[in-house]
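Undergrad:
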Amino acid sequence: MKNDMTFLCIASYEKGRDFMRKAKELGNNVLLLTSKKLAGSPWPRESIDEIYYIPNEKSWEIPNLINAVSYLARSVKIDRIIALDDFDVEKAASLREHLRIPGMGETTARYFRDKLAMRIRAKEIGLNIPDFVRVLNYDEINEFFGRTEPPYILKPRMQAGAIGITKIESKEQFWKRIEELGDKQSYYLLEQFVAGKIHHVDTILFDREVKYSVAGEYGLPPFEVAHQGRVFTSRLMEYGSKEAEELRLLNEKALKGLGLVKGVSHTEFIRSEKDGKLYFLETSARVGGANLSEMIKAGTGVNLWEEWAKLETLEDGDKYELPEIEKNYSAIITSLAKQKGPDLSIFSEPEVVWKLKKDYHAGLILSSPKYERVSELLDKHTKLFYDNFFTSQPMKEKAAD
Ligand SMILES: Nc1ncnc2c1ncn2[C@@H]1O[C@H](COP(=O)(O)OP(=O)(O)O)[C@@H](O)[C@H]1O
Ligand SMILES: [Mg+2]
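Numbering-wise, the sequence shown is residues 47 to 447 according to our numbering.
1) Residues around ligand 2, please: the condition is that the C-beta lies closer than 6 Å to some non-hydrogen atom of it.
2) Measuring from the CB of Ile211, is there a heavy atom of ligand 1 at a distance below 7 Å?
3) Per DSSP, what kind of secondary structure is Ala408 in: helix, strand or coil?
4) Using the Cβ count rule (16 or more neighbours within 10 Å means buried), how would you classify Gly210?
5) Would you mind listing the alpha helix (DSSP H) stretches within the region 49-121 that are 4+ residues and don't spill past its ends, in chain order?
6) Between which two residues does the alpha helix (DSSP H) containing Gly192 stretch?
7) My guess is that Met283 and Gly262 are in contact by the Cβ rule of under 8 Å, so how many angstroms apart are they, rounded?
8) Where do the ends of the beta strand (DSSP E) carrying Ser339 lie?
9) For Gly275, which residues in the same chain have their Cβ closer than 6 Å to its Cβ, ignoring the five residues on either side in sequence?
10) Which word fits Asp389, buried or exposed, when buried means at least 16 other C-beta atoms lie within 10 angstroms of its C-beta?
11) Please report the distance separating the alpha-carbon of Ile199 from that of Gln238.
12) What does the alpha-carbon distance come out to for the pair Ala272 and Ser121?
13) Report the three-state DSSP secondary structure of Phe393 (helix, strand or coil).
14) Look at the alpha carbon of Thr428 and the alpha carbon of Val277, and state the distance between them as a whole number of angstroms.
15) Could you tell me whether the region 339-352 touches the region 49-58, where touching means 3 or more Cβ pairs closer than 8 Å?
16) Following the continuous beta strand (DSSP E) through Leu282, name the residue where it begins and the one where it ends.
17) Does DSSP put Ala241 in a helix, in a strand, or in coil?
18) Looking at the unbroken alpha helix (DSSP H) that takes in Val420, where does it start and where does it end?
19) For Ser81, count neighbouring C-beta atoms within 10 Å of its own C-beta (all shown protein chains included) and say buried if the count is 16 or more, exposed if not.
20) What are the residues that DSSP puts in a beta bridge with Val247?
21) My guess is that Pro268 and Ala206 are in contact by the Cβ rule of under 8 Å, so how many angstroms apart are they, rounded?
22) Per DSSP, Arg126 is paired with what?
23) Give every residue of the same chain whose Cβ lies closer than 7 Å to the Cβ of Tyr234, excluding the five residues on either side of it in the sequence, and list them in chain order.
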């Protein structure tokens, strides 16, 4: 283990506080590259040696970013480039390629960011996936319609958080939407809508081996939560259950096949209502969003951000040691709130271990050694969220800039 490396962390959103704290604690030099407009965010300044601000959207474009970071590299020797948010994965990969810094390069990053590349590779490695077609060749698209039944999902290849995704009920609706998209259409992917429960598996991977993974289950599909406006929930699944083990196994096959060497991943699957089978939905090379890392920490004691910082501090040939794992259960409930400061004091059970502090939001995390207890409280409190705080807003079309 080398403890005096220089980490350049890239965060186009406010993410990764625990990563930076841990990286610093391990003796590394921590640099942060973020947006000027995030200057007021609660960055862990005591753990950051220098913050560099990107002034505007144009400067985030890869050729401009390459110039800026190459300029910085004249005086600073950078050892690691870390993408703290999903949108930073491709930027970090391009920078690594240009500066010849170890870590995930552009080819692999593409499999973890581009939903079309991900689908094609998943098919090659024999994962069960929803039937899909690239939005490119119209004969190919017509063939796809010929062999499938509605509904469909039309999604941007490089977004996150269900942004820009549309459920398509007919061929006609698809062609209308495609016309609206114009030249942007080839940046989309069309696939079969598979109704069912959405699962996530969160992983720590080192030396191409899955060192740790834990399976979770969203209450309602994230698409419904984001586009129809619902309370968001998720919980850890029962350890050792047939369902959880099947997910973990499939997750391992996906990550190995897609070529993740080291790091963390949040990967999603759909359990089809129709045939009971698991379908690979998507993967990523980052810690899951929506405070899922807090939920995982509450159940297992594992802080994925910190473990990731530990992994990055290791060198080839080093051994990664997992922290002690607790086998408790946890669940999360979050929602937009009608109130600026919703009164969460109604949730007073000892199992309530975390509360979200954010204006016009309500959120909590439950934890207990018993799966049944977490499930019971999850149902009860989700209902209270709808009754007391819940409100919804129209979904934005594009990530906030
Ligand atoms: N093929 C599909 N069938 C059913 N639901 C889907 C499908 N693709 C996406 N969704 C819904 O949209 C959500 C977001 O899609 P996903 O591919 O995970 O992209 P994102 O990066 O935005 O999370 C999913 O969680 C799910 O609810
Ligand atoms: Mg998703």
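Idealized CB from N, CA, C, for every residue including glycine.
None of the values given here were measured: they were computed from a predicted structure.
TA: Based on what the coordinates show:
1) Pro268, Glu314 and Glu328
2) yes
3) DSSP places Ala408 within a strand segment (E or B) once states are collapsed to three.
4) buried
5) Qualifying alpha helix (DSSP H) stretches, in chain order: 63-71 and 108-119.
6) Element bounds for Gly192: Tyr184 to Arg193.
7) 6 Å
8) No beta strand (DSSP E) holds Ser339; the alpha helix (DSSP H) holding it covers Leu338 to Thr346.
9) Ser438
10) Flag for Asp389 reads exposed.
11) Their backbone Cα atoms lie some 6 Å apart in a straight line.
12) 44 Å
13) coil
14) Computed Cα separation, rounded: 7 Å.
15) no
16) Phe278 to Leu282
17) Coil at Ala241, not helix or strand.
18) Tyr417 to Asn434
19) buried
20) Ala261 and Thr313
21) The pair is not a contact, with the Cβ atoms about 10 Å apart (cut-off 8 Å).
22) Phe53
23) Beyond the five residues adjoining it in sequence on each side, Tyr234 comes within less than 7 Å, by CB distance, of Val181, Leu200, Lys201, Pro202, Arg203 and Leu227 in the same chain, given in chain order.
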